[in-house]
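The sequence shown begins at 1 in full-length UniProt numbering and counts up one residue at a time.
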Amino acid sequence: MSSNLYEKKATTISLFNFKTSAMRAFHMSWLAFFVCFFAWFACAPLMPVIAGEFHLTKDQIANINIAAVAITILVRLIVGPLCDKYGPRKTYTALLILGSIPVFGVASANSYESFLFFRLLIGAIGASFVITQYHTSIMFAPNVVGTANATTAGWGNAGGGATQALMPLLLSALVMFGVEQAMGWRIALLVPGVMMLIVGGLYWKYTQDCPQGNFKELRAQGIQVGSEKKGGLNILMHAARNYRVWILFGSYAACFGIEIFIHNIVAMYYVENFGFGLKEAGLAAGIFGLLALFARALGGIISDKVATKKGLDGRTKVLFGMILMEGLFLIVFSQMNTAILAILTMTVFALFTHMACGATYALVPFIDRDALGGVAGIIGAGGNVGAVAAGFLLKGVLDIQTCLMVLGGLVVIAASFVLMIRFSVEHKEKEQRLFEQAVLDRNNMA
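Now the structure itself:
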(Lines of atoms letter the chains of each structure in order from A and count residues from 1; the text may use other names and numbers.)
(Lines give C-alpha, C1' and ligand atoms only; values in the text may rest on other atoms or scores of the structure.)
Protein backbone atom coordinates (compact mmCIF):
# COMPACT_ATOMS: atom_id res chain seq x y z
CA MET A 1 0.00 0.00 0.00
CA SER A 2 2.76 2.46 0.90
CA SER A 3 4.30 2.29 -2.59
CA ASN A 4 1.39 4.22 -4.11
CA LEU A 5 1.24 6.57 -1.17
CA TYR A 6 2.66 9.43 -3.19
CA GLU A 7 0.63 8.75 -6.29
CA LYS A 8 -0.99 12.06 -7.24
CA LYS A 9 -4.42 12.83 -8.60
CA ALA A 10 -4.88 11.94 -12.26
CA THR A 11 -4.37 14.89 -14.63
CA THR A 12 -5.66 13.06 -17.71
CA ILE A 13 -8.55 10.73 -18.50
CA SER A 14 -7.33 7.75 -20.52
CA LEU A 15 -10.47 5.71 -21.10
CA PHE A 16 -8.87 2.38 -21.98
CA ASN A 17 -6.41 2.30 -19.13
CA PHE A 18 -7.57 0.10 -16.25
CA LYS A 19 -4.19 0.02 -14.47
CA THR A 20 -4.45 3.26 -12.51
CA SER A 21 -6.64 3.51 -9.43
CA ALA A 22 -8.20 6.70 -10.82
CA MET A 23 -9.40 5.08 -14.05
CA ARG A 24 -10.69 2.00 -12.22
CA ALA A 25 -12.67 4.31 -9.93
CA PHE A 26 -13.86 6.22 -13.02
CA HIS A 27 -15.20 3.11 -14.78
CA MET A 28 -16.57 1.36 -11.69
CA SER A 29 -18.32 4.49 -10.40
CA TRP A 30 -20.20 5.16 -13.66
CA LEU A 31 -21.10 1.48 -13.99
CA ALA A 32 -22.40 1.35 -10.41
CA PHE A 33 -24.41 4.53 -10.95
CA PHE A 34 -25.77 3.19 -14.27
CA VAL A 35 -27.02 0.00 -12.58
CA CYS A 36 -28.51 1.96 -9.65
CA PHE A 37 -30.24 4.40 -12.00
CA PHE A 38 -31.53 1.49 -14.11
CA ALA A 39 -33.00 -0.17 -11.01
CA TRP A 40 -34.29 3.13 -9.62
CA PHE A 41 -36.48 3.82 -12.66
CA ALA A 42 -37.14 0.27 -13.87
CA CYS A 43 -40.78 0.61 -12.75
CA ALA A 44 -41.49 3.86 -14.62
CA PRO A 45 -41.88 2.53 -18.20
CA LEU A 46 -43.96 -0.41 -16.90
CA MET A 47 -46.33 1.87 -14.95
CA PRO A 48 -49.16 1.66 -17.54
CA VAL A 49 -49.19 -2.16 -17.01
CA ILE A 50 -48.73 -2.01 -13.22
CA ALA A 51 -51.36 0.75 -12.89
CA GLY A 52 -53.82 -1.51 -14.77
CA GLU A 53 -53.11 -4.51 -12.58
CA PHE A 54 -53.47 -2.66 -9.25
CA HIS A 55 -56.26 -0.36 -10.58
CA LEU A 56 -54.29 2.74 -9.56
CA THR A 57 -55.85 6.21 -9.55
CA LYS A 58 -54.07 9.34 -10.85
CA ASP A 59 -53.35 10.35 -7.24
CA GLN A 60 -51.89 6.95 -6.36
CA ILE A 61 -49.59 7.07 -9.40
CA ALA A 62 -48.48 10.58 -8.33
CA ASN A 63 -47.79 9.25 -4.81
CA ILE A 64 -45.67 6.41 -6.23
CA ASN A 65 -43.66 8.90 -8.32
CA ILE A 66 -43.09 11.15 -5.29
CA ALA A 67 -42.13 8.16 -3.12
CA ALA A 68 -39.55 7.09 -5.72
CA VAL A 69 -37.56 10.27 -5.22
CA ALA A 70 -38.42 11.39 -1.67
CA ILE A 71 -36.21 9.20 0.50
CA THR A 72 -33.24 9.88 -1.78
CA ILE A 73 -33.06 13.40 -0.31
CA LEU A 74 -32.28 12.04 3.14
CA VAL A 75 -29.92 9.30 1.94
CA ARG A 76 -27.97 11.72 -0.29
CA LEU A 77 -27.37 13.95 2.73
CA ILE A 78 -26.09 10.95 4.71
CA VAL A 79 -23.85 9.25 2.10
CA GLY A 80 -21.70 12.34 1.41
CA PRO A 81 -20.38 12.45 5.00
CA LEU A 82 -20.24 8.61 5.06
CA CYS A 83 -17.80 8.81 2.13
CA ASP A 84 -15.69 11.27 4.12
CA LYS A 85 -15.71 8.92 7.09
CA TYR A 86 -15.52 5.38 5.66
CA GLY A 87 -14.37 6.03 2.09
CA PRO A 88 -16.34 5.70 -1.17
CA ARG A 89 -15.45 2.02 -1.69
CA LYS A 90 -17.20 0.71 1.45
CA THR A 91 -20.08 3.16 1.10
CA TYR A 92 -20.82 2.20 -2.54
CA THR A 93 -20.55 -1.55 -1.96
CA ALA A 94 -22.97 -1.35 0.98
CA LEU A 95 -25.44 0.79 -0.97
CA LEU A 96 -25.46 -1.60 -3.97
CA ILE A 97 -25.98 -4.73 -1.89
CA LEU A 98 -28.55 -3.32 0.57
CA GLY A 99 -30.28 -1.40 -2.23
CA SER A 100 -30.99 -4.59 -4.18
CA ILE A 101 -33.37 -5.77 -1.41
CA PRO A 102 -36.27 -3.35 -2.17
CA VAL A 103 -35.73 -3.93 -5.92
CA PHE A 104 -36.54 -7.61 -5.33
CA GLY A 105 -39.31 -6.48 -2.97
CA VAL A 106 -41.10 -4.39 -5.59
CA ALA A 107 -41.19 -7.41 -7.92
CA SER A 108 -43.13 -9.33 -5.26
CA ALA A 109 -45.55 -6.50 -4.35
CA ASN A 110 -49.20 -7.58 -4.44
CA SER A 111 -51.04 -4.36 -3.55
CA TYR A 112 -50.80 -0.60 -4.00
CA GLU A 113 -49.55 -0.23 -0.40
CA SER A 114 -46.73 -2.79 -0.65
CA PHE A 115 -45.73 -1.42 -4.06
CA LEU A 116 -45.61 2.12 -2.63
CA PHE A 117 -43.52 0.95 0.35
CA PHE A 118 -40.85 -0.75 -1.76
CA ARG A 119 -40.88 2.10 -4.30
CA LEU A 120 -40.11 4.46 -1.42
CA LEU A 121 -37.17 2.30 -0.26
CA ILE A 122 -35.79 1.93 -3.80
CA GLY A 123 -35.30 5.71 -3.76
CA ALA A 124 -32.29 5.19 -1.47
CA ILE A 125 -30.20 3.90 -4.38
CA GLY A 126 -30.53 7.29 -6.06
CA ALA A 127 -27.91 8.43 -3.53
CA SER A 128 -25.37 6.44 -5.57
CA PHE A 129 -24.84 9.62 -7.57
CA VAL A 130 -23.19 11.43 -4.64
CA ILE A 131 -20.66 8.60 -4.17
CA THR A 132 -19.84 8.60 -7.90
CA GLN A 133 -19.12 12.34 -7.80
CA TYR A 134 -17.19 12.06 -4.54
CA HIS A 135 -14.99 9.26 -5.86
CA THR A 136 -14.05 11.03 -9.10
CA SER A 137 -13.55 14.37 -7.29
CA ILE A 138 -10.95 12.69 -5.05
CA MET A 139 -9.21 10.89 -7.92
CA PHE A 140 -8.90 13.64 -10.58
CA ALA A 141 -6.94 16.91 -10.62
CA PRO A 142 -8.59 20.35 -11.12
CA ASN A 143 -7.87 20.52 -14.86
CA VAL A 144 -10.02 17.45 -15.65
CA VAL A 145 -12.24 17.01 -12.61
CA GLY A 146 -15.20 18.75 -14.28
CA THR A 147 -14.98 16.39 -17.24
CA ALA A 148 -14.47 13.32 -15.02
CA ASN A 149 -17.45 14.21 -12.81
CA ALA A 150 -19.74 15.03 -15.71
CA THR A 151 -18.78 11.97 -17.77
CA THR A 152 -19.21 9.41 -14.97
CA ALA A 153 -22.51 11.02 -13.96
CA GLY A 154 -23.70 11.21 -17.57
CA TRP A 155 -22.87 7.61 -18.41
CA GLY A 156 -24.51 6.55 -15.15
CA ASN A 157 -27.56 8.73 -15.84
CA ALA A 158 -27.97 6.98 -19.18
CA GLY A 159 -29.25 4.05 -17.09
CA GLY A 160 -32.45 6.08 -16.86
CA GLY A 161 -32.76 6.14 -20.64
CA ALA A 162 -31.72 2.50 -21.00
CA THR A 163 -34.37 1.38 -18.54
CA GLN A 164 -37.11 3.32 -20.41
CA ALA A 165 -36.19 1.61 -23.68
CA LEU A 166 -35.22 -1.87 -22.39
CA MET A 167 -37.80 -2.73 -19.72
CA PRO A 168 -40.81 -2.68 -22.12
CA LEU A 169 -38.77 -4.77 -24.61
CA LEU A 170 -37.84 -7.26 -21.86
CA LEU A 171 -41.51 -7.50 -20.87
CA SER A 172 -42.60 -8.08 -24.51
CA ALA A 173 -39.94 -10.79 -24.91
CA LEU A 174 -41.20 -12.60 -21.79
CA VAL A 175 -44.81 -12.37 -23.01
CA MET A 176 -43.71 -13.72 -26.39
CA PHE A 177 -42.25 -16.77 -24.60
CA GLY A 178 -45.65 -17.42 -23.07
CA VAL A 179 -45.25 -15.71 -19.69
CA GLU A 180 -48.40 -13.88 -18.62
CA GLN A 181 -48.06 -10.08 -18.49
CA ALA A 182 -48.94 -9.99 -14.76
CA MET A 183 -45.99 -12.30 -14.08
CA GLY A 184 -43.78 -10.81 -16.81
CA TRP A 185 -43.28 -7.37 -15.26
CA ARG A 186 -42.28 -9.02 -11.98
CA ILE A 187 -39.63 -11.21 -13.65
CA ALA A 188 -38.40 -8.18 -15.61
CA LEU A 189 -37.90 -6.25 -12.35
CA LEU A 190 -35.64 -8.99 -10.91
CA VAL A 191 -32.99 -8.21 -13.55
CA PRO A 192 -31.82 -4.83 -12.12
CA GLY A 193 -31.65 -6.33 -8.60
CA VAL A 194 -29.30 -9.10 -9.76
CA MET A 195 -27.17 -6.54 -11.67
CA MET A 196 -26.74 -4.50 -8.46
CA LEU A 197 -25.42 -7.51 -6.51
CA ILE A 198 -22.86 -8.31 -9.24
CA VAL A 199 -21.60 -4.72 -9.49
CA GLY A 200 -21.40 -4.47 -5.68
CA GLY A 201 -18.91 -7.35 -5.67
CA LEU A 202 -16.88 -5.81 -8.51
CA TYR A 203 -16.73 -2.42 -6.79
CA TRP A 204 -15.31 -3.98 -3.63
CA LYS A 205 -12.73 -5.96 -5.59
CA TYR A 206 -11.45 -3.38 -8.07
CA THR A 207 -11.51 0.07 -6.47
CA GLN A 208 -9.73 1.93 -3.69
CA ASP A 209 -10.80 5.07 -1.85
CA CYS A 210 -8.23 7.59 -3.10
CA PRO A 211 -5.03 7.69 -5.21
CA GLN A 212 -2.94 6.77 -2.13
CA GLY A 213 -5.05 3.76 -1.09
CA ASN A 214 -7.93 3.04 1.27
CA PHE A 215 -8.89 5.46 4.05
CA LYS A 216 -8.66 2.85 6.81
CA GLU A 217 -5.08 1.75 6.03
CA LEU A 218 -3.92 5.32 5.43
CA ARG A 219 -5.35 6.52 8.75
CA ALA A 220 -3.61 3.58 10.46
CA GLN A 221 -0.36 5.02 9.06
CA GLY A 222 -1.24 8.41 10.52
CA ILE A 223 -2.13 10.00 7.16
CA GLN A 224 -5.11 12.36 7.23
CA VAL A 225 -7.69 11.54 4.53
CA GLY A 226 -11.36 12.30 3.97
CA SER A 227 -12.57 15.13 6.13
CA GLU A 228 -10.66 16.51 9.12
CA LYS A 229 -14.01 17.16 10.80
CA LYS A 230 -15.10 14.37 13.09
CA GLY A 231 -18.63 13.12 12.52
CA GLY A 232 -20.94 13.41 9.57
CA LEU A 233 -23.08 16.13 11.12
CA ASN A 234 -20.13 18.54 11.46
CA ILE A 235 -19.20 17.99 7.81
CA LEU A 236 -22.80 18.74 6.78
CA MET A 237 -23.09 21.82 9.01
CA HIS A 238 -19.82 23.20 7.67
CA ALA A 239 -21.08 22.82 4.10
CA ALA A 240 -24.54 24.20 4.98
CA ARG A 241 -23.08 27.51 6.15
CA ASN A 242 -21.88 28.31 2.62
CA TYR A 243 -24.49 30.30 0.65
CA ARG A 244 -23.06 29.06 -2.68
CA VAL A 245 -24.07 25.52 -1.68
CA TRP A 246 -27.71 26.63 -1.44
CA ILE A 247 -27.71 28.45 -4.79
CA LEU A 248 -26.33 25.26 -6.40
CA PHE A 249 -28.91 23.26 -4.41
CA GLY A 250 -31.55 25.32 -6.27
CA SER A 251 -29.83 25.07 -9.64
CA TYR A 252 -29.54 21.29 -9.28
CA ALA A 253 -33.23 21.10 -8.33
CA ALA A 254 -33.88 22.95 -11.61
CA CYS A 255 -31.85 20.56 -13.81
CA PHE A 256 -31.54 17.11 -12.19
CA GLY A 257 -34.86 17.51 -10.36
CA ILE A 258 -36.61 18.16 -13.65
CA GLU A 259 -34.73 15.26 -15.26
CA ILE A 260 -35.95 12.74 -12.65
CA PHE A 261 -39.48 14.11 -12.83
CA ILE A 262 -39.45 13.66 -16.63
CA HIS A 263 -38.18 10.06 -16.24
CA ASN A 264 -41.16 9.31 -14.02
CA ILE A 265 -43.90 10.84 -16.17
CA VAL A 266 -42.75 11.04 -19.79
CA ALA A 267 -43.73 7.51 -20.92
CA MET A 268 -47.25 8.08 -19.52
CA TYR A 269 -47.29 11.55 -21.15
CA TYR A 270 -46.69 10.08 -24.62
CA VAL A 271 -49.28 7.34 -24.02
CA GLU A 272 -51.97 9.76 -22.83
CA ASN A 273 -51.34 12.83 -25.02
CA PHE A 274 -50.22 11.27 -28.28
CA GLY A 275 -51.76 7.78 -28.12
CA PHE A 276 -48.40 5.94 -28.18
CA GLY A 277 -48.15 2.22 -27.34
CA LEU A 278 -45.95 1.03 -24.45
CA LYS A 279 -42.92 0.24 -26.64
CA GLU A 280 -43.12 3.50 -28.68
CA ALA A 281 -43.56 5.57 -25.52
CA GLY A 282 -40.58 3.78 -23.94
CA LEU A 283 -38.36 4.51 -26.94
CA ALA A 284 -39.44 8.18 -27.07
CA ALA A 285 -38.83 8.49 -23.31
CA GLY A 286 -35.52 6.67 -23.74
CA ILE A 287 -34.21 9.49 -25.96
CA PHE A 288 -34.40 11.84 -22.98
CA GLY A 289 -32.30 9.63 -20.73
CA LEU A 290 -29.84 8.30 -23.29
CA LEU A 291 -28.75 11.82 -24.27
CA ALA A 292 -27.02 11.84 -20.87
CA LEU A 293 -24.39 9.56 -22.44
CA PHE A 294 -22.64 12.58 -23.94
CA ALA A 295 -24.62 15.73 -23.05
CA ARG A 296 -23.76 15.73 -19.36
CA ALA A 297 -20.08 15.17 -20.16
CA LEU A 298 -20.30 18.03 -22.64
CA GLY A 299 -21.47 20.36 -19.85
CA GLY A 300 -18.40 19.40 -17.78
CA ILE A 301 -16.02 19.69 -20.73
CA ILE A 302 -17.31 23.17 -21.65
CA SER A 303 -16.98 24.23 -18.00
CA ASP A 304 -13.36 22.96 -17.85
CA LYS A 305 -12.50 24.67 -21.17
CA VAL A 306 -14.01 28.03 -20.19
CA ALA A 307 -12.26 27.79 -16.80
CA THR A 308 -8.83 27.75 -18.50
CA LYS A 309 -9.44 31.34 -19.64
CA LYS A 310 -12.09 32.72 -17.30
CA GLY A 311 -11.47 30.77 -14.06
CA LEU A 312 -14.25 30.08 -11.56
CA ASP A 313 -16.44 32.97 -12.75
CA GLY A 314 -16.45 31.37 -16.20
CA ARG A 315 -17.81 28.13 -14.72
CA THR A 316 -20.64 30.11 -13.09
CA LYS A 317 -21.62 31.84 -16.35
CA VAL A 318 -21.62 28.54 -18.27
CA LEU A 319 -24.03 27.10 -15.71
CA PHE A 320 -26.31 30.16 -15.90
CA GLY A 321 -26.57 29.94 -19.71
CA MET A 322 -27.38 26.23 -19.71
CA ILE A 323 -30.13 26.42 -17.07
CA LEU A 324 -31.68 29.43 -18.79
CA MET A 325 -31.88 27.58 -22.13
CA GLU A 326 -33.25 24.48 -20.38
CA GLY A 327 -36.11 26.51 -18.88
CA LEU A 328 -36.99 28.19 -22.18
CA PHE A 329 -37.07 24.92 -24.11
CA LEU A 330 -39.11 23.21 -21.38
CA ILE A 331 -41.78 25.91 -21.87
CA VAL A 332 -41.68 25.30 -25.65
CA PHE A 333 -41.89 21.49 -25.17
CA SER A 334 -44.99 21.87 -22.97
CA GLN A 335 -46.82 23.71 -25.76
CA MET A 336 -46.27 21.17 -28.55
CA ASN A 337 -49.39 19.45 -29.89
CA THR A 338 -47.91 17.01 -32.42
CA ALA A 339 -45.80 14.01 -31.45
CA ILE A 340 -42.90 14.81 -33.80
CA LEU A 341 -42.55 18.41 -32.55
CA ALA A 342 -42.85 17.23 -28.95
CA ILE A 343 -40.01 14.75 -29.46
CA LEU A 344 -37.81 17.31 -31.26
CA THR A 345 -38.25 20.04 -28.64
CA MET A 346 -37.87 17.47 -25.85
CA THR A 347 -34.50 16.51 -27.36
CA VAL A 348 -33.21 20.11 -27.27
CA PHE A 349 -34.59 20.65 -23.77
CA ALA A 350 -32.97 17.34 -22.68
CA LEU A 351 -29.58 18.43 -24.08
CA PHE A 352 -29.55 21.60 -21.99
CA THR A 353 -30.88 19.77 -18.91
CA HIS A 354 -28.04 17.22 -18.97
CA MET A 355 -25.41 19.85 -19.80
CA ALA A 356 -26.62 21.96 -16.85
CA CYS A 357 -26.26 18.92 -14.55
CA GLY A 358 -22.70 18.43 -15.80
CA ALA A 359 -21.86 22.12 -15.37
CA THR A 360 -23.24 22.12 -11.79
CA TYR A 361 -20.94 19.31 -10.69
CA ALA A 362 -18.02 20.83 -12.57
CA LEU A 363 -18.35 23.67 -10.03
CA VAL A 364 -18.93 21.50 -6.92
CA PRO A 365 -15.28 20.46 -6.22
CA PHE A 366 -14.31 24.14 -6.03
CA ILE A 367 -16.93 25.28 -3.48
CA ASP A 368 -15.27 24.00 -0.31
CA ARG A 369 -12.47 21.45 -0.33
CA ASP A 370 -12.74 20.90 3.44
CA ALA A 371 -16.27 19.50 3.29
CA LEU A 372 -16.51 17.91 -0.15
CA GLY A 373 -18.81 15.10 1.04
CA GLY A 374 -21.18 17.58 2.69
CA VAL A 375 -21.22 19.90 -0.32
CA ALA A 376 -21.78 17.04 -2.80
CA GLY A 377 -24.50 15.59 -0.56
CA ILE A 378 -26.51 18.79 -0.03
CA ILE A 379 -26.37 19.83 -3.69
CA GLY A 380 -27.20 16.27 -4.78
CA ALA A 381 -30.20 16.26 -2.45
CA GLY A 382 -31.35 19.48 -4.14
CA GLY A 383 -31.99 17.49 -7.31
CA ASN A 384 -34.43 15.26 -5.48
CA VAL A 385 -36.10 18.13 -3.67
CA GLY A 386 -36.79 19.55 -7.15
CA ALA A 387 -38.28 16.24 -8.29
CA VAL A 388 -40.51 15.93 -5.20
CA ALA A 389 -41.67 19.55 -5.58
CA ALA A 390 -42.49 18.89 -9.25
CA GLY A 391 -44.42 15.75 -8.19
CA PHE A 392 -46.55 17.77 -5.75
CA LEU A 393 -47.06 20.48 -8.37
CA LEU A 394 -48.42 17.81 -10.75
CA LYS A 395 -50.82 16.62 -8.04
CA GLY A 396 -51.99 20.21 -7.59
CA VAL A 397 -52.58 21.07 -11.26
CA LEU A 398 -54.92 19.11 -13.46
CA ASP A 399 -52.70 18.17 -16.38
CA ILE A 400 -49.06 17.44 -17.17
CA GLN A 401 -48.91 20.14 -19.86
CA THR A 402 -49.68 23.05 -17.50
CA CYS A 403 -47.32 21.54 -14.93
CA LEU A 404 -44.45 21.45 -17.46
CA MET A 405 -45.05 25.09 -18.41
CA VAL A 406 -44.98 26.28 -14.78
CA LEU A 407 -41.82 24.25 -14.18
CA GLY A 408 -40.17 25.93 -17.20
CA GLY A 409 -40.82 29.34 -15.61
CA LEU A 410 -39.38 28.19 -12.27
CA VAL A 411 -36.23 26.90 -14.01
CA VAL A 412 -35.66 30.33 -15.59
CA ILE A 413 -35.91 31.91 -12.11
CA ALA A 414 -33.41 29.39 -10.70
CA ALA A 415 -30.99 30.32 -13.50
CA SER A 416 -30.99 33.98 -12.45
CA PHE A 417 -29.87 33.04 -8.92
CA VAL A 418 -26.73 31.36 -10.31
CA LEU A 419 -25.43 34.82 -11.32
CA MET A 420 -25.28 35.70 -7.60
CA ILE A 421 -22.44 33.22 -6.93
CA ARG A 422 -19.23 35.09 -6.08
CA PHE A 423 -15.77 33.88 -5.06
CA SER A 424 -13.19 35.86 -3.07
CA VAL A 425 -9.95 36.92 -4.76
CA GLU A 426 -7.94 34.58 -2.45
CA HIS A 427 -10.23 31.64 -3.28
CA LYS A 428 -9.85 32.26 -7.02
CA GLU A 429 -6.07 32.65 -6.79
CA LYS A 430 -5.71 29.44 -4.76
CA GLU A 431 -7.83 27.48 -7.23
CA GLN A 432 -5.94 29.02 -10.17
CA ARG A 433 -2.62 27.85 -8.69
CA LEU A 434 -3.95 24.28 -8.22
CA PHE A 435 -5.33 24.36 -11.76
CA GLU A 436 -2.04 25.53 -13.29
CA GLN A 437 -0.11 22.95 -11.26
CA ALA A 438 -2.34 20.17 -12.63
CA VAL A 439 -1.82 21.37 -16.22
CA LEU A 440 1.94 21.51 -15.57
CA ASP A 441 1.93 17.95 -14.15
CA ARG A 442 -0.01 16.74 -17.20
CA ASN A 443 2.40 18.41 -19.63
CA ASN A 444 5.41 17.00 -17.79
CA MET A 445 3.96 13.50 -18.09
CA ALA A 446 3.32 13.98 -21.80
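We treat Cβ as the ideally placed atom computed from N, Cα and C, and that holds for glycine.
Here the structure is a predicted model, which means the values were calculated and not measured.
Asked: Separation of V318 from I302, as counted between CA atoms; Found: 8 Å
Asked: Where the alpha helix (DSSP H) containing D313 begins and where it ends; Found: A292 to S334
Asked: Continuous alpha helix (DSSP H) stretch holding D84: start and end; Found: K58 to Y86
Asked: Among T308, D368, I413 and H135, nearest to Q212 - alpha-carbon criterion; Found: H135
Asked: Residues near C357 by beta carbon distance below 6 Å, same chain, minus five either side; Found: C255, F256 and R296
Asked: L283 vs A165 beta-carbon contact at 7 Å; Found: yes
Asked: Runs of beta strand (DSSP E) wholly within the segment 380-415 (minimum 3 residues, chain order); Found: none
Asked: Pairwise C-alpha distance: Y252 and A141; Found: 23 Å
Asked: Nearest candidate by alpha-carbon position, reference F16, set L419, M167 and F26; Found: F26
Asked: Residue range of the alpha helix (DSSP H) that includes G52; Found: M47 to E53
Asked: Three CB pairs or more closer than 8 Å across the segment 348-365 and the segment 97-107; Found: no
Asked: Identity of the residues DSSP links to C210 by a beta bridge; Found: G213
Asked: Extent of the continuous alpha helix (DSSP H) run through A153; Found: V145 to M176
Asked: Beta-carbon proximity of D209 to R315, cut-off 7 Å; Found: no
Asked: Helix, strand or coil at A42 according to DSSP, with G and I counted as helix; Found: coil
Asked: Helix, strand or coil at F140 according to DSSP, with G and I counted as helix; Found: strand
Asked: DSSP bridge partner residues for A10 (one or two, in chain order); Found: F140
Asked: Contact belief for I64 with F115 at Cβ below 8 Å, rounded distance in angstroms; Found: 7 Å
Asked: Backbone CA spacing between V348 and F329 [nearest angstrom]; Found: 7 Å
Asked: Contact set for I138: own chain, Cβ-Cβ below 6 Å, skip 5 residues either direction; Found: C210
Asked: S424 burial status per 10 Å Cβ neighbour count (16 or more: buried); Found: exposed
Asked: When T12, P192, F435 and E326 are compared against K310, the one with the closest alpha-carbon; Found: F435
Asked: Inter-residue CB distance, V69 and V388 (contact presumed, cutoff 8 Å); Found: 6 Å
Asked: Limits of the unbroken alpha helix (DSSP H) element including E113; Found: Y112 to I122
Asked: Cβ-based neighbour list, A109, same chain, cut-off 7 Å, excluding 5 preceding and 5 following; Found: F115 and F118
Asked: Contact set for T12: own chain, Cβ-Cβ below 7 Å, skip 5 residues either direction; Found: V144 and R442
Asked: Straight-line Cα distance separating V79 from Y203; Found: 16 Å
Asked: Own chain, CB closer than 7 Å to G373, minus 5 neighbours either side, in chain order; Found: G80, P81, C83, D84, Y134, S227 and I235
Asked: Among F274, L312, L324 and G154, nearest to I400 - alpha-carbon criterion; Found: F274
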